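**Q** Got a structure for you, written out below as structure tokens; questions coming shortly.
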Amino acid sequence: MADDLVLDLAELRQLQSVAKRPRILSLISSEIRNLEKLSEEAAASTLASQKQISSPTPTPIPTSKVVSNPTLNYVTLASFSWDQDNDKVKIYISLEGVDQEKIETLFRPTSIDIKFHDIQGKNYRCAIPKLNKEIVPEKCKVLVKPTRVIITLPKASKGNWLDLHFKDDNKLKPNVDKDRDPMAGIMDLMKNMYQEGDEDMKRTIAKAWTDARSGKAADPLKGYP
Numbered sequence: 078m079a080d081d082l083v084l085d086l087a088e089l090r091q092l093q094s095v096a097k098r099p100r101i102l103s104l105i106s107s108e109i110r111n112l113e114k115l116s117e118e119a120a121a122s123t124l125a126s127q128k129q130i131s132s133p134t135p136t137p138i139p140t141s142k143v144v145s146n147p148t149l150n151y152v153t154l155a156s157f158s159w160d161q162d163n164d165k166v167k168i169y170i171s172l173e174g175v176d177q178e179k180i181e182t183l184f185r186p187t188s189i190d191i192k193f194h195d196i197q198g199k200n201y202r203c204a205i206p207k208l209n210k211e212i213v214p215e216k217c218k219v220l221v222k223p224t225r226v227i228i229t230l231p232k233a234s235k236g237n238w239l240d241l242h243f244k245d246d247n248k249l250k251p252n253v254d255k256d257r258d259p260m261a262g263i264m265d266l267m268k269n270m271y272q273e274g275d276e277d278m279k280r281t282i283a284k285a286w287t288d289a290r291s292g293k294a295a296d297p298l299k300g301y302p
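Quick note on the numbering used here: the sequence shown kicks off at 78 and runs consecutively.
Right, here's the structure in full:
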């Protein structure tokens, strides 16, 4: 079950990398978050029995001293995952080589803007102009790890967020059923993606179906660290 979830997540992330339409990206991101939660639950009992490798505790970065330069060019970090509990939201960004001293943060009650400077000659930016609900800017933190960055956003009021971004309605929110077969959800998602996607997306999904049926699907983890 755990292995299947890993493979499903890898294939969905591959589809996410080629998707262009906002509706398709939203559907894929929601399904990825659902499978990530299922994967974490399946792995919890196994991780409890394993000896964790100790590593230096990274230092949270509540503020930044980097001076913004409006002439710099930034690569937009549009692909990331997020999770939440009753008190806070966490955003996970896959990014290697981040220097803690070269991060610029701007947290506001309903928006965030985080810039990562000089990473192998490039600058990256993760910005959400309007969050789903309000946060507490002075308590926000940025945690740097070897291969990813974790952004913690404390909620101004406890409760569940339906999405990370503010939306006028919830038409794009998929139904999440804990007892539902994850594969059924993926099939429904792919059907919707095929119907709503452009020609490139349709060709990608059609090829994925053909490869899966013939047993010639490529290793979905290829290219991942």
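All residues carry an ideal CB built from backbone N, CA and C; glycine is no exception.
Source: prediction; values computed, not measured.
What first and last residue would you give for the beta strand (DSSP E) that runs through ASP190?
**A** Element bounds for ASP190: 188-196.
**Q** Indicate the three-state DSSP secondary structure (helix, strand or coil) for ARG185 in the structure shown.
**A** Strand, per DSSP.
**Q** Can you tell me whether DSSP reads LEU249 as helix, strand or coil?
**A** A caution first: LEU249 carries a pLDDT of 49, below 50, which makes its placement in the model unreliable, though a value can still be read off. If DSSP states are grouped into helix, strand and coil, LEU249 belongs with coil.
**Q** Quick check on VAL95: does DSSP put it in helix, strand or coil?
**A** Note: VAL95 maps to helix in three-state DSSP.
**Q** For LYS268, does the count of other Cβ atoms within 10 angstroms reach 16, so buried, or fall short, so exposed?
**A** Its Cβ having fewer than 16 others within 10 Å, LYS268 is exposed.
**Q** Can you give me the C-alpha to C-alpha distance between ILE228 and GLU181, rounded to a whole angstrom?
**A** The alpha-carbon atoms of ILE228 and GLU181 are separated by roughly 13 Å.
**Q** Could you please give the first and the last residue of the uninterrupted beta strand (DSSP E) stretch that includes ASP160?
**A** Here the beta strand (DSSP E) through ASP160 covers 158-161.
**Q** Just to confirm my understanding: we take SER195, look at its own chain, exclude 5 residues before and 5 after, and list those with CB closer than 6 Å. What are they?
**A** Residue 195 is actually Asp in this sequence, not Ser. The residues are LYS179.
**Q** Closer than 8 Å by C-beta to LYS165: which residues in its own chain qualify, once you throw out the five before and the five after it? Chain order, please.
**A** Around LYS165: THR229, LEU230, PRO231 and LYS232.
**Q** Is ILE189 near ARG225, with beta carbons less than 8 Å apart?
**A** No.
**Q** Comparing alpha-carbon positions, which option in ARG100, ARG90, ASP81 and ALA87 lies nearest GLN272?
**A** The option with the nearest alpha carbon to GLN272 is ARG100.
**Q** Can you pull the DSSP bridge partners for LEU220?
**A** Its beta-bridge partners are ILE227.
**Q** Hey, ILE109 and GLN93: beta-carbon distance below 8 Å or not?
**A** In this structure, GLN93 lies closer than 8 Å to ILE109 by Cβ.
**Q** Between the Cα of PRO214 and the Cα atoms of VAL152, LEU183, LEU84 and THR153, which residue gives the shortest distance?
**A** Per the Cα distances, LEU183.
**Q** Label SER116 either buried or exposed according to how many other C-beta atoms from any shown protein chain fall within 10 Å of its C-beta, with 16 as the threshold for buried.
**A** Buried.
**Q** According to DSSP, which residues form a beta bridge with SER171?
**A** SER171 pairs with ARG225.
**Q** Ends of the beta strand (DSSP E) at TYR151?
**A** From DSSP, TYR151 is part of no beta strand (DSSP E); its letter is neither H nor E.
**Q** On the DSSP bridge assignment, give the partners of LYS199 in chain order.
**A** DSSP lists ILE196 as partners of LYS199.
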